[in-house]
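Numbering (UniProt numbering), first residue to last: 1 to 400.
Note that CB positions come from ideal geometry on N, CA and C, so glycine has one too.
All remarks here apply to the structure that follows.
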Amino acid sequence: MTPIASGEPFRCVPTDDWCPEMPSIPSFAGVLNVSEGRRLGSVAWLACNQGYIYESGDSSVVCGSNASAKGEWLSPFGGPQIPLRCSKDPEHCSSDLSIDNRSVAVNLSSPGEYSFDATVHLSCAPGFQSVYGDASMRCSQRGFWVRNDTNSEVVTQPLRCAKVQNWCAEPRLAPGQRFVVHGGRLSLGDSITIRCEEGYEDAGGQSSQTLECGVDRLWRDVVSGNHAISFLECYPVAAFCPAVTVTRGTATLSRPANFSETISLSCDVGSQGYHGWPSTVCGSGGAYRLPVTNQIVWDPVGSSPEHLACAAEERFCSPLSSAGSRVISYTDTVRLGSQAHLACLPGFVQLGGSSVASCTSNGSWSNVSLSCGTTASWCPPLNVSSNANVTYSNNTLSLG
Numbered sequence: 001m002t003p004i005a006s007g008e009p010f011r012c013v014p015t016d017d018w019c020p021e022m023p024s025i026p027s028f029a030g031v032l033n034v035s036e037g038r039r040l041g042s043v044a045w046l047a048c049n050q051g052y053i054y055e056s057g058d059s060s061v062v063c064g065s066n067a068s069a070k071g072e073w074l075s076p077f078g079g080p081q082i083p084l085r086c087s088k089d090p091e092h093c094s095s096d097l098s099i100d101n102r103s104v105a106v107n108l109s110s111p112g113e114y115s116f117d118a119t120v121h122l123s124c125a126p127g128f129q130s131v132y133g134d135a136s137m138r139c140s141q142r143g144f145w146v147r148n149d150t151n152s153e154v155v156t157q158p159l160r161c162a163k164v165q166n167w168c169a170e171p172r173l174a175p176g177q178r179f180v181v182h183g184g185r186l187s188l189g190d191s192i193t194i195r196c197e198e199g200y201e202d203a204g205g206q207s208s209q210t211l212e213c214g215v216d217r218l219w220r221d222v223v224s225g226n227h228a229i230s231f232l233e234c235y236p237v238a239a240f241c242p243a244v245t246v247t248r249g250t251a252t253l254s255r256p257a258n259f260s261e262t263i264s265l266s267c268d269v270g271s272q273g274y275h276g277w278p279s280t281v282c283g284s285g286g287a288y289r290l291p292v293t294n295q296i297v298w299d300p301v302g303s304s305p306e307h308l309a310c311a312a313e314e315r316f317c318s319p320l321s322s323a324g325s326r327v328i329s330y331t332d333t334v335r336l337g338s339q340a341h342l343a344c345l346p347g348f349v350q351l352g353g354s355s356v357a358s359c360t361s362n363g364s365w366s367n368v369s370l371s372c373g374t375t376a377s378w379c380p381p382l383n384v385s386s387n388a389n390v391t392y393s394n395n396t397l398s399l400g
């Protein structure tokens, strides 16, 4: 009741504090609006906070009077207020975290719920490594994922992971094997195909072998699905290069060579090389190549390839000399195998032995057996007067 001036009619006005202060509201709800404060008949509208959804109770209350004629906030239907109940919205934040589930593992604090204050921990899956982004996020009241280690409401950038290079070790291949990587650099899920190189062939009719890098960092055969204990076996192709022949020389291999097989070449005794190489390797294209440089063996004068050219040594044996005889001719100068034809000198006659000698592999002449003696009547008797007396040495008319 408000006092009035003398002569004015009596009137009543609402009490400003008829109802008590709004009762404590749980943290998940709040007062949206109040029509007339705490006066009788005032209406207060209540609502769940962001991140919560309505379950039960009064979403509005009216300032009224109880049985004791005291002010009280009542249900709109006249009875005691039914407390407002709210629960967290399980889909308050988006379930789409914009991450690659193949590379990032997700761990929710409440599995299946994306409610206010829920946390998500992210980690790189095996075979992946962190590139950028936050590994821990929190669902904010505004419905956005934010960093979990601060009170900031700034929208976060989820963890991004990339494949680890060389997750699987590079296969150690034997000679004749090679591999091609598909999809990256030996990372998880990458595959390699192993094949035999040129000049090699597999043993069991398998032309190639494809392996995949697994999460356990081991290679698996894509056909069998088993760990690759061994790789495709490749062996040198037999008779890949033609047989090598050396004129006046010898090759350590007389048959056609297998791929990568090395052949040593040498000149025979009494011969020497004048161009070419002492060894050669059966290489790609079925051609013989130099062991170090891998160059194709070729003839420097442009004729057909000859790996080692040998020629007889011009002076393998020393010129032949013999007492009382001389060399008439050589069949091939003084090379190995040459024959020397001998004859007695003028004034000498063959007594025995052979008139032919041969140049042998030890650098000497064989069968040098010609024997010559002086001819008894080489010179005619002297024509002297009858009263002269001639005496001849050795009682002969031989040379000397």
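Exercise. Please state if the CB of residue 159 and the CB of residue 190 are separated by a distance shorter than 9 Å.
Key: No, these two residues do not count as a Cβ contact at 9 Å.
Exercise. Would you give the residue range spanned by the beta strand (DSSP E) that residue 88 belongs to?
Key: Residues 85 to 88.
Quiz item: Going by beta carbon distance, what residues of the same chain come within less than 6 Å of residue 47, once the five residues before and after it are set aside?
Solution: The residues are 32.
Self-check item: Integer Cβ distance of residue 81 from residue 142, believed to fall under 8 Å
Solution: Cβ-Cβ separation between residue 81 and residue 142: approximately 29 Å, too far for a contact (criterion under 8 Å).
Practice problem: Count the C-beta pairs between the segment 161 to 169 and the segment 121 to 135 that are closer than 8 Å, then say yes if the count reaches three, no if not. | Solution: Because the criterion of three Cβ pairs below 8 Å is met, the segment 161 to 169 and the segment 121 to 135 touch.
Quiz item: Nearest to residue 328 by CA position, among 226, 336 and 319, is which residue?
Solution: Here the closest residue by C-alpha is 319.
Quiz item: Three-state secondary structure (DSSP) at residue 284?
Solution: In this structure, residue 284 counts as helix in the three-state DSSP scheme.
Practice problem: Give me the Cα-Cα distance between residue 265 and residue 238, rounded to the nearest whole angstrom. | Solution: Each residue's alpha carbon lies about 20 Å from the other.
Quiz prompt | Length-filtered (3 minimum) beta strand (DSSP E) runs lying within the UniProt domain "Sushi" (166 to 236) | solution = Those beta strand (DSSP E) runs which fall completely within the UniProt domain "Sushi" (166 to 236) and span 3+ residues are 177 to 182, 191 to 196, 200 to 202, 208 to 213, 219 to 221 and 234 to 236.
Quiz item: What distance in whole Å lies between the Cβ atoms of residue 106 and residue 122, which are believed to be in contact at a cut-off of 8 Å?
Solution: Beta-carbon to beta-carbon, residue 122 and residue 106 are separated by about 6 Å, close enough to satisfy the 8 Å threshold.
Quiz item: Are the CB atoms of residue 167 and residue 217 nearer to each other than 9 Å?
Solution: Taking 9 Å as the cut-off, the beta carbon of residue 167 is found closer than this to the beta carbon of residue 217.
Exercise. Can you grab the Cα-Cα spacing for the pair residue 336 / residue 362, in whole Å?
Key: Residue 336 and residue 362: Cα-Cα distance of roughly 9 Å.
Exercise. Tell whether a beta-carbon distance below 9 Å holds between residue 372 and residue 338.
Key: In this structure, the beta-carbon distance from residue 372 to residue 338 does not fall below 9 Å.
Exercise. Reducing DSSP to helix, strand and coil, say where residue 262 ends up.
Key: Note: residue 262 maps to strand in three-state DSSP.
Quiz item: Secondary structure at residue 163, three-state DSSP: helix, strand or coil?
Solution: Residue 163 falls in the strand class under three-state DSSP.
Quiz prompt | Under 9 Å between C-beta atoms of residue 453 and residue 104 | solution = Summary: the structure shown does not reach residue 453, with the chain confined to residues 1 through 400, and so no result is reported for it.
Exercise. With residue 107 as the anchor, note down where its beta strand (DSSP E) starts and where it stops.
Key: Judged by DSSP secondary structure, residue 107 falls within the beta strand (DSSP E) whose first and last residues are 104 to 108.
Quiz item: When burial is assigned at 16 or more other CB atoms within 10 Å of the CB, is residue 20 buried or exposed?
Solution: Per the 10 Å Cβ criterion, exposed.
Quiz item: Is there at least one non-hydrogen atom of the ligand NAD closer than 8 Å to the beta-carbon of residue 10?
Solution: Questions concerning the ligand NAD fall outside what the structure shown contains, since it holds no ligand whatsoever.
Exercise. Consult DSSP for residue 337 and reduce its assignment to one of helix, strand or coil.
Key: Coil at residue 337, not helix or strand.
Self-check item: Pair within 9 Å by beta-carbon distance, residue 240 and residue 209
Solution: Their beta carbons are not under 9 Å apart, which means residue 240 does not touch residue 209 by this criterion.
Self-check item: Reference residue 90, options 148, 52 and 279, closest by Cα
Solution: From the listed residues 148, 52 and 279, the smallest Cα separation to residue 90 is found for 52.
Exercise. Determine, using beta carbons only, whether residue 211 and residue 192 come nearer to each other than 9 Å.
Key: Yes, the pair counts as a contact, with Cβ atoms nearer than the cut-off.
Self-check item: Member of 242, 87 and 249 whose CA lies at the smallest distance from the CA of residue 259
Solution: Just measuring C-alpha positions, the residue of 242, 87 and 249 sitting nearest residue 259 is 242.
Self-check item: Nonlocal neighbours in the same chain, by C-beta distance under 8 Å from residue 202, ignoring five residues either side
Solution: Taken in chain order, the residues that qualify are 196, 232, 233, 234 and 235.
Quiz item: To which residues of the same chain is residue 273 closer than 6 Å at the C-beta, ignoring the five residues directly before and after it?
Solution: Here the set comprises 267, 308 and 310.
Exercise. Report, in whole angstroms, the separation of the C-beta atoms of residue 165 and residue 185, which I expect to be a contact under 8 Å.
Key: Going by Cβ atoms, the distance from residue 165 to residue 185 rounds to 5 Å, so yes, they are a contact pair.
Exercise. Pull up the distance between the alpha-carbon of residue 73 and that of residue 153, whole angstroms please.
Key: In a straight line, the C-alpha of residue 73 is about 36 Å away from that of residue 153.
Quiz item: Is residue 312 closer than 9 Å to residue 270 when the C-beta atoms are compared?
Solution: Closer than 9 Å, so yes.
Quiz item: By a C-beta neighbour count over all protein chains shown, 10 Å radius and 16 as the cutoff for buried, is residue 179 buried or exposed?
Solution: Buried, because 16 or more other Cβ atoms sit within 10 Å of the Cβ of residue 179.
Practice problem: For residue 382, count neighbouring Cβ atoms within 10 angstroms of its own Cβ and tell me buried if that reaches 16, exposed if not. | Solution: Exposed is the call here.
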